[in-house]
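Here the sequence shown stands for residues 39 to 473, numbered as in our numbering. Where is the CB? At the ideal position from N, CA and C, for every residue including glycine. Below is one structure, written out as structure tokens; the observations come after it.
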Amino acid sequence: MSIVVVGVNHRSAAVAIRERLAFNEPQVTAALEQLCKIEPQAEFVVLSTCNRVELYCAGDQEPQPLAHRLVGFLSSFHGIEPQQFQSALYIHENEQAVRHLLLVAAGLDSMVVGEAQILGQVKASYSLACAAKSTGKILNRLFHCAFFTAKSVHTNTAISNGRVSVAGVAVELALQLFAEIARAKVVVIGAGETGELVVQHLLKAGCMDITVVNRTSERGAELAQRSGIGVGKWEELSQQIARANIVICSTATQEYLYTRDSFERLIARPRGRSLLIIDVGVPRNFDPAINRIEDVYLYSMDELQEVAEQNLKARQEDVTSGLEIVYANAAEFMDWLRAKDIGPLIGRMKDEFRQISCREVERFFVGVRQEASCRPSMEAMVDRVVNKLVHCVIKNVDAVAKESGPAEAAKLIDTICRQAREIASASKEQGENQP
């Protein structure tokens with residue numbers, strides 16, 4: 039059994055590549071359905087966030103052919119030639135793939151290390167896979183192991199203290215670039231989870247003039263009421279931006295809200311008055327060319343990474359502790375996976391050993407010893423000895439599985455079983471030849 043993850047993230051690929059490979063929720067469901075038709079015996083989960091796009095697969099094939107087919111699927115689904123994203127792609131196999139998911143779920147692979155938002159996104163992706171019936175015994179156990187690991191990391195370290203979300207880093211960047219943020223007019227575009235986090239961080243930073251604008255007016259009004267901020271109509275977005283000092287945008291869109299030309303036409307600004315736009319959407323909400331407009335400063339996810347790296351340095355000790363938890367849990371999962379693959383073989387080996395012990399006991403209790411009262415005690419003792427010997431053998435089988443893989447461990451068990459049958463056969467012949 040192989041486990042493979044194929045993907046790109048904020049470290050390997052610029053946002054221009056990530057947005058072309060991203061899946062929205064309906065696309066995730068469609069992709070899972072297609073993958074299950076292509077590989078009906080395999081298991082799949084698709085994880086797509088603002089900072090990563092990853093395909094998880096568990097199947098009976100070797101890892102490299104599986105990974106190759108997943109890359110081909112990404113290419114065909116999005117209509118992108120593989121060479122356009124191949125250099126940004128990473129592929130993890132087996133224990134590396136397990137560690138990767140655990141790191142992702144715990145927020146240790148995030149742009150903002152320690153963020154808790156990614157765990158919810160991983161859970162949501164897993165739920166979509168369960169609904170599409172694309173998971174099975176392997177990925178079910180793996181993703182629950184990831185959820186447990188994330189909880190353990192956040193409980194046993196201080197990794198999640200401070201501004202540890204994309205929203206928090208966006209506001210921190212605004213604080214660095216805008217000296218008097220308390221007096222600034224801020225427009226937050228999007229009232230989803232990220233938008234709400236942005237509002238919370240702005241309020242903590244002392245912002246007093248915040249307006250949220252959302253496509254669905256009811257959701258925007260609910261956030262405004264909960265937070266005590268203003269709310270604007272989607273149809274009036276351009277007017278809101280025209281009066282703003284800072285715009286932070288986190289909407290889900292497949293096309294730019296504004297191109298450079300439309301922005302220049304709709305947003306008339308007095309000379310010398312600057313506008314800061316922080317675009318945390320993937321795909322991006324604003325045309326990058328807008329940054330070339332005078333007095334307009336546009337930052338996207340790629341630019342947020344420097345701020346995130348500054349935060350990471352302050353929490354390096356907690357990162358180390360988190361990594362220890364991840365590696366221990368990944369090793370435990372791999373022990374389970376190896377045992378799962380060779381478990382039936384170990385059961386067969388135990389049966390062979392028991393047959394030998396039963397025949398030897400039968401050989402002993404013949405003739406005058408046939409009715410001996412000590413037989414139950416003797417049988418119990420022999421069982422204990424056999425169980426201890428079997429335990430020693432299993433430990434050695436596990437060691438072979440870890441060092442050389444389940445296939446070599448299976449060969450070892452098969453050899454042991456064959457030798458046990460030979461011993462049992464010889465024992466039977468000796469018993470039959472006894473006078």
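Comparing C-alpha distances from A188 to each of A368, I380 and R422 shows the shortest one belongs to A368. Residue environment analysis places N89 among the buried positions, since at least 16 neighbouring C-beta atoms fall within 10 angstroms of its C-beta. Going by C-alpha positions, D147 is about 13 Å away from V91. With respect to the 7 Å criterion, D356 and I197 are classified as neighbours on the basis of their beta carbons.
Under the 8 Å Cβ criterion, the region 208 to 228 counts as touching the region 313 to 322, having at least three qualifying pairs. Here A447 is not near A458, since their CB atoms are 7 Å or more apart. The region 319 to 333 and the region 287 to 299 touch, with three or more beta-carbon pairs separated by less than 8 Å. Where A143 is concerned, there is no enclosing beta strand (DSSP E), although the alpha helix (DSSP H) around it starts and stops at E133 to A143. DSSP, reduced to helix, strand and coil, places F82 within a strand of the structure shown. Comparing alpha-carbon positions, the option among E400, L85 and A170 lying closest to A68 turns out to be A170. Straight-line measurement puts the Cα of V226 at about 47 Å from the Cα of D98.
The three-state secondary structure of H48, taken from DSSP, is coil. Residue range R413 to S442 is occupied by the alpha helix (DSSP H) that includes R413.
Close CB contacts of F301 within its chain, under the 6 Å cut and outside five residues either way in sequence, are with I328 (chain order). H182 counts as exposed, since fewer than 16 other beta carbons sit within 10 angstroms of its beta carbon. Here the C-alpha atom of C412 lies approximately 17 Å from the C-alpha atom of V423. Of the other Cβ atoms in all chains shown, fewer than 16 fall within 10 Å of the Cβ of G244; this residue is therefore exposed.
Exposure of Q408 is indicated by the presence of fewer than 16 other C-beta atoms within 10 angstroms of its C-beta. Put simply, the backbone Cα of F403 is about 40 Å away from that of P444. Between S163 and V83 a beta carbon distance of about 6 Å is seen, short of the 8 Å cut, so the two are scored as contacting. Taken in chain order, the whole alpha helix (DSSP H) runs of length 4 or more contained in the region 57 to 116 are 63 to 76 and 101 to 116. Just measuring C-alpha positions, the residue of S415, C95 and T249 sitting nearest G268 is T249. In this structure S40 is buried. Its beta-carbon is surrounded by 16 or more other beta-carbon atoms within 10 angstroms.
DSSP places V226 within a strand segment (E or B) once states are collapsed to three.
In this structure, W272 places its C-beta atom within 7 Å of the C-beta atom of R253. With contacts defined as CB atoms closer than 7 Å, V320 and R56 qualify as a contacting pair.
Using a Cβ-Cβ distance cut-off of 8 Å, the region 44 to 58 and the region 123 to 130 are in contact, since at least three pairs of beta carbons, one from each stretch, lie closer than that value. For V318, the secondary structure class from DSSP, reduced to helix, strand or coil, is coil. The beta carbon of A80 sits closer than 6 Å to those of C95 and G97, all from its chain and outside the five residues before and after it, given in chain order. Taking C-beta atoms under 8 Å as the contact rule, L139 and L104 fail to qualify, at a distance of about 16 Å.
Rounded to the nearest angstrom, the Cβ distance from V435 to I451 is 6 Å, consistent with a contact under 8 Å.
Within the DSSP bridge table, the entry for S40 names G97 as partners. Within the region 238 to 303, the complete beta strand (DSSP E) segments at least 3 residues long are 247 to 251, 268 to 270 and 284 to 287, listed from N- to C-terminus. For V209, there is no enclosing beta strand (DSSP E); the residue is part of the alpha helix (DSSP H) that begins and ends at V204 to L215. I331 sits in coil when the DSSP states are folded into three classes, being neither helix nor strand. In the structure shown, the three-state DSSP call for L450 is helix.
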